[in-house]
Amino acid sequence: MFRARRIWVTAAAVLAVAGGVSGSAQAVPPPDTGPFTTTATADDGTLPPGWRITGEGSAQQLVWRSGRQVPMGNARVEFHAGGRLLGVPSPAKDGRTFRLGLDAASPGKLTDLQVVAGGRRLDVAGDNSGSGKGSSGAVARPAAQLPAGSVDPGKPGAYRTTTGEYTLDSVRLPGYSAPIEMKAVVVAPKDATGKRPLALFLHGRHYTCYKPGTEDITGEWPCPTGTKSVPSYRGYLRDQQLLASQGYVTVSISANGINAQDAGAEDAGAQARSSLVRLHLAHWADWSAHPRTAPAVVRNAPPADLSRVLLIGHSRGGEGVNRAAMDSLYPPPAAQDGYHGPVRWKIRGTVLIGPTIFGQNPVADVPSVTLLPGCDGDVSDLQGEVYVDGTRGVSRGTALHSAVYIEGADHNFFNTEWTPGQAQAPAEDDFYNDPDQRDAVCSPGTATRLTADQQHKAGSTYIATAARLFVAGDDRARELLDGSGRRAPSADPARVLTHAVGANRGAGFLPDGQVTVSGGTLCSAVDPDPAAACLSDNSRGISPHFAQWDTNKEIGRRAVALRWSAAGSPTTVSPHKPVSLSGAKSLALRVIVPPNTTGTQFDVSLTDASGHRATLGRVRVDGLPGTGRTASYWAREARVPLTAATRAGLDLRHVKSLALTPRSRSGQAWLMDAWGWRPGTPAAVAAPLPRVDIGRLTVKEGDSGVKTYRVPVQVSGRGSGQVRIYVTDPATGRETSRLVTVHPGGHDLDIPVKVEGNTRYAYDVQHDLFVKAVHGAVVGAHHGGVTTENDDPIPTYTVTPIADRVTEGQPLKWKVTLSAPADVDINPVFAVQPVTTGPELSTLDVDPQWFRENSGEEPAPERPLSKVPSLAVWTTVPAGRTSAELSLPTITDQVTEQPESVLFLGMDDNGDPLSNRPVLTGTVLDAS
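Numbering (my numbering), first residue to last: 10 to 937.
In structure tokens:
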């Protein structure tokens with residue numbers, strides 16, 4: 010049977026859709042399982058190769074098919090057009106095809122189409138970057154090895170360990186149709202006395218099922234008969250064993266049921282993962298209170314101390330444990346949550362490994378360490394940097410938030426079950442290695458690329474370092490995490506760099522706030538205007554600090570850009586009121602310089618409110634190894650002592666400006682921030698904050714009148730705070746934003762949406778709202794809105810001939826008439842059928858160029874048109890009109906022939922014949 014997936018319009022045909030003009034006969038490309046061919050180019054106003062529009066009416070979709078399988082990963086696959094996010098498409102089972110409903114993007118806006126995941130282009134051959142440059146040239150050497158710290162948390166402890174698993178009844182979570190497994194592996198110390206701290210691991214999004222002995226691997230759930238569940242939760246056993254040897258009870262939980270179902274979740278599964286984490290913690294709290302009720306592996310372990318919990322999450326698991334930490338302090342809306350019991354645990358910190366942060370909503374008052382893999386081929390924009398940058402100014406600022414950049418690490422090798430040669434299921438290196446275009450930093454065998462075992466060892470070491478600092482309270486471990494320039498030798502030979510915000514950093518110079526800049530410019534982290542953006546699309550590589558969010562432009566997320574052609578020209582940053590550096594030991598600056606550059610130097614000066622100036626000293630910043638495929642524009646932390654300011658008599662309680670004077674001949678840099686710094690790790694106490702969650706309301710359009718609906722918003726918690734909201738205009742795709750002060754239970758976020766009813770067919774309309782915390786607030790569900798569903802039937806159509814009996818060389822023509830006008834273009838499709846009597850029009854009877862462009866085949870050898878796979882004709886009836894013409898070009902030949910006929914049958918959205926069976930019939934007569 011001719012199915013819907015076979016009715017898709019070629020790139021050449023889209024010109025008619027985008028331009029709102031009548032189309033001509035077109036060939037339908039082959040199905041998803043076959044080869045994809047198109048000769049259309051983006052330059053002629055049509056869709057670029059690999060793209061198509063399928064279906065008609067409400068079933069119209071924008072479809073992209075990759076030339077190779079796109080692994081099931083953690084970064085979202087996104088469609089962009091004209092520099093704007095169109096939406097998140099749904100993946101097909103073939104791993105190559107992605108579809109986005111055209112209610113999210115009208116065809117007229119489909120210009121400069123791109124497929125992006127984690128900042129890298131997927132639709133450019135050989136490219137893995139956001140810059141469009143897939144090749145790499147000479148790069149700097151690996152970073153110099155740092156001095157060793159005073160402690161090395163990567164060394165195994167004194168305890169022997171024991172390992173076992175538990176399986177509990179599956180659970181139901183809101184928005185997920187299939188139950189989610191409650192399964193985990195426990196590694197605990199033997200013979201440890203007293204209650205022991207608990208470390209919980211949550212893996213990220215990966216394939217869920219595999220067929221042993223084959224390369225077959227899928228994202229289904231539950232796993233079909235004959236397949237096994239991919240044991241992603243067992244991928245952190247080495248990390249668990251290290252922590253258990255040091256006295257921690259560890260548990261790594263399975264989340265395959267969420268991975269298989271989160272593609273359609275507005276938050277990409279963050280709330281579901283949080284629910285799963287807290288459901289497990291609730292069981293551990295029960296077992297700690299009632300040991301006899303625990304599974305055997307838990308009874309054989311020391312009792313867990315739920316007042317000392319460390320959460321470790323990989324990839325989307327990182328976003329999940331961040332949300333779990335948030336939900337443990339600021340409860341989520343009950344309807345969205347899968348756990349409704351009391352919080353009987355205390356999260357002391359989180360470790361986030363190559364994490365996603367689609368909501369860009371870090372928990373400011375819970376300490377965190379974020380591992381950033383320098384060769385991440387999945388979440389390759391290293392958006393996890395937002396867990397550091399996104400906490401600045403939001404709350405009290407006493408929680409340490411550290412970024413740990415591991416040169417040469419990929420995304421997958423932190424989990425042995427995602428690592429080739431170690432995993433039970435098929436696995437791969439996520440950083441794609443093109444043998445013909447090797448990457449100078451990240452291809453296997455380069456000086457900077459780590460082996461799987463080297464990478465995993467470094468990850469284990471820094472997980473244990475976070476545990477030592479956040480849970481054990483050993484401040485000696487801080488220097489390994491906070492930009493102090495010390496290393497943990499157990500991570501060798503990995504080159505590991507760190508920077509941080511929070512802890513004992515005091516007042517600072519923040520470009521996000523009210524500042525003026527001279528000698529440089531305030532640039533925007535996310536802005537479609539190249540003149541305003543910190544890093545242009547033409548830059549070689551990208552920056553984790555400027556990772557894209559859901560909006561096309563962000564207000565107030567900035568850096569200070571410096572560019573100079575001669576030494577000695579200062580850039581001065583002046584906050585709107587003087588800052589106090591009293592009590593600080595040093596000034597800590599985070600500065601980005603381009604990858605592979607060395608020797609960039611600045612003199613650092615301060616001026617107080619009385620005009621007294623002191624030069625603190627000189628700092629040097631070197632770039633990271635990088636190529637066009639890496640996110641290597643990353644800030645290095647540099648510190649300069651404040652002793653010179655004290656000697657000069659500067660009033661450090663009232664510092665009005667900071668100046669950076671380049672001492673290199675020429676260069677470029679970006680100042681992320683500068684802080685008063687002193688050693689120590691203060692206790693992080695969560696502030697009472699309001700929490701904002703956005704919901705989605707779905708309504709029917711109605712037949713008449715105008716109704717006003719409101720975006721569902723819940724503000725809970727305590728106190729008041731500021732958030733910035735972005736409202737998207739569905740007609741233009743542009744956002745407007747404003748700063749709003751919110752209060753629990755209040756109606757500060759009142760977003761009305763007017764819906765006008767009519768009886769004309771149209772697409773669904775989605776009004777979107779996004780929200781981000783600015784100060785004194787937290788945000789849970791950051792994205793929601795109002796969706797207006799079309800409730801009018803798609804018009805039917807009839808066909809009348811205009812020229813259905815013509816002499817060869819003339820086009821066959823028909824008129825398609827709708828039963829009623831629609832508010833969107835309607836694209837009737839007719840599939841070719843064998844004629845019932847007499848000779849049939851052949852491939853040599855139609856225009857050869859048209860045939861090649863639309864079928865991907867040569868006209869010769871001659872064959873009936875019905876033998877060409879999926880050949881169809883179609884037209885577009887523009888919005889507001891009721892008819893359009895449809896034509897099929899023929900040519901004159903020198904062969905004497907009998908009259909030849911052609912037959913096309915009207916098809917519905919599913920690829921089945923329409924009930925009223927409209928047909929196109931035509932006959933071509935011999936010219937001789």
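The beta carbon of each residue, even a glycine, is placed where N, CA and C say it ideally should be.
Rounded to the nearest angstrom, the gap between the Cα atoms of residue 284 and residue 314 is 20 Å. Residue 732 holds the alpha-carbon nearest to the alpha-carbon of residue 747 among 740, 738, 756 and 732. For residue 681, the enclosing beta strand (DSSP E) stretches over residues 676-686. Judged by beta-carbon spacing, residue 895 lies beyond the 7 Å limit of residue 871, meaning their Cβ atoms are not closer than that value. Three or more beta-carbon pairs separated by less than 8 Å are not found between the segment 473-480 and the segment 435-450, which leaves the two stretches without contact. In its chain, beyond the 5 residues on either side, 165, 166, 167, 168, 169, 170 and 198 have a beta carbon closer than 8 Å to the beta carbon of residue 254. Distance between residue 185 and residue 437, taken at the CA atoms: about 28 Å. Shown here, residue 554 sits in a helix according to DSSP, grouped into three states.
For residue 639, the three-state secondary structure derived from DSSP is coil. Across the set 122, 99, 92 and 856, the C-alpha of 122 shows the shortest separation from the C-alpha of residue 60. In this structure, the straight-line span from the alpha carbon of residue 779 to that of residue 101 is close to 27 Å.
Spanning the alpha carbons of residue 89 and residue 537 requires a straight line of approximately 12 Å. Counting along the chain, residue 396 sits inside the alpha helix (DSSP H) bounded by residues 395-398. By the criterion of a C-beta distance shorter than 6 Å, residue 829 is surrounded in its chain by 804, once the five residues flanking it on both sides are discounted. DSSP places residue 284 in the helix class (H, G or I) of the three-state scheme. Contact between the segment 627-636 and the segment 597-604 is established, with three or more Cβ pairs separated by less than 8 Å.
Excluding its 5 nearest sequence neighbours in each direction, residue 235 has C-beta neighbours in its own chain below 8 Å: 220, listed in chain order.
A direct Cα-to-Cα measurement between residue 229 and residue 381 gives close to 29 Å. Residue burial is scored here from C-beta neighbours: residue 189 has at least 16 other C-beta atoms within 10 angstroms and is therefore classed as buried. The C-alpha of residue 464 is placed about 11 Å away from the C-alpha of residue 471. In the assembly as shown, residue 836 is a buried residue. Its beta-carbon has 16 or more other beta-carbons within 10 Å.
Secondary-structure assignment with DSSP links residue 175 through a beta bridge to 193. Spatial neighbours of residue 624 in its own chain (CB-CB distance under 6 Å, excluding positions within 5 residues in sequence) are listed in chain order as 612 and 614. Taken in chain order, the unbroken stretches of alpha helix (DSSP H) that lie wholly in the segment 826-877 and span 4 residues or more are 857-864.
The C-beta separation of residue 491 from residue 512 comes to about 6 Å, placing the pair in contact by the 8 Å criterion.
Rounded to the nearest whole angstrom, the CA to CA distance from residue 332 to residue 678 is 34 Å. Taking a cut-off of 8 Å on C-beta distances, the segment 719-727 touches the segment 750-759, as three or more cross pairs fall below it. Distance check between residue 757 and each of 401, 794, 718 and 701 places 701 closest, using alpha-carbon atoms only. For residue 792, the enclosing beta strand (DSSP E) starts and ends at 792-798. In this structure, the beta-carbon distance from residue 616 to residue 665 falls below 7 Å.
Between the alpha carbons of residue 107 and residue 92 lies a distance of about 19 Å.
Here residue 766 has 710, 711, 712, 713 and 714 as same chain residues with Cβ atoms under 6 Å from its own Cβ, once five neighbours each way along the sequence are excluded. The Cβ neighbour count for residue 103, taken over all protein chains shown within 10 Å, is under 16; the residue is labelled exposed.
Boundaries of the alpha helix (DSSP H) harbouring residue 336: 325-338, taken from the DSSP string. Take residue 105, set aside five residues on each side of it, and the residues of its chain with a beta-carbon closer than 6 Å to its own are 74, 75 and 78, in chain order.
Residue range 461-475 is occupied by the alpha helix (DSSP H) that includes residue 471.
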